[in-house]
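Notes follow once the structure below has been shown.
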Amino acid sequence: MENKSDTVKTKSHSYLWAIFNQKCPHCRQGDMFKDKSSYRLRTFMEMYDKCIVCGQKMEIEEGFYIGTGYVSYVLTVALSASTFVAWCVLIGISVNDNRVFWWLGINALLLLLVQPYFMRLARLIWLSFFVKYDADFKIAEQKPIA
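If you're matching positions, the sequence shown starts at 53 in this note's numbering and goes up one per residue.
Here it is in structure tokens:
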């Protein structure tokens, strides 16, 4: 029989809020990554083994995150397409000058700058495909940190 004190009913956050704040897709409260910053390049991809709030495993099986390449690809194509449309509307594209090459250079630089964030975002989205949100999650047993 389940103890009612182990089950938590909390304020529900939206899916997008949880993704952009890098929270566990199961409880939408616990942090998925140990480091809050996407730009500390030595530690930005270090993840908890389990969610510190609900105990959800972050890596379901060995090699689980190989599929994040597809999600990352979609994110980069979406960003490139939107910057291209914005460039066309604001500046314009012409065959008579090199404005399209300026867009290519600026877009490449922008993609390099957002790549660490997109890598984290791709992991979060990929995990959320396989782990469903549970508003009545069970609190993980807290173990003392030695």
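Don't be surprised by glycine CBs; every beta carbon is placed ideally from N, CA and C.
Just measuring C-alpha positions, the residue of Ser90, Gln167, Phe181 sitting nearest Val129 is Gln167.
Lys86 is classed as exposed because its beta carbon has fewer than 16 other beta carbons within 10 Å across all chains shown.
Shortest Cα-Cα distance from Ile104 to any of Pro77, Gly119, Leu173 involves Pro77. Taking all protein chains in view, the Cβ of Arg94 is surrounded by fewer than 16 other Cβ atoms within 10 Å, so the residue is classified as exposed. Scanning its chain for C-beta atoms nearer than 7 Å, with the 5 sequence neighbours on each side dropped, one finds around Ile177 the residues Ile71, Val123, in chain order. Residue nearest to Leu131 within the set Leu165, Ala187, Asn73 is Leu165 (criterion: CA-CA distance). For the pair Ser180 and Asp188, the Cα-to-Cα distance works out to about 17 Å. At the C-beta level, Ile145 and Val152 come within 7 Å of one another. A direct Cα-to-Cα measurement between Ser90 and Phe96 gives close to 5 Å. Where Arg172 is concerned, the enclosing alpha helix (DSSP H) starts and stops at 151–182.
Here Arg92 is exposed. Its C-beta has fewer than 16 other C-beta atoms within 10 Å.
The C-alpha of Lys184 is placed about 20 Å away from the C-alpha of Gly115.
Cβ-Cβ separation between Lys88 and Gly82: approximately 13 Å, too far for a contact (criterion under 8 Å).
When DSSP states are grouped into helix, strand and coil, Phe85 belongs to the strand group. Counting the other Cβ atoms within 10 Å of the Cβ of Ala160 gives fewer than 16, which makes it exposed.
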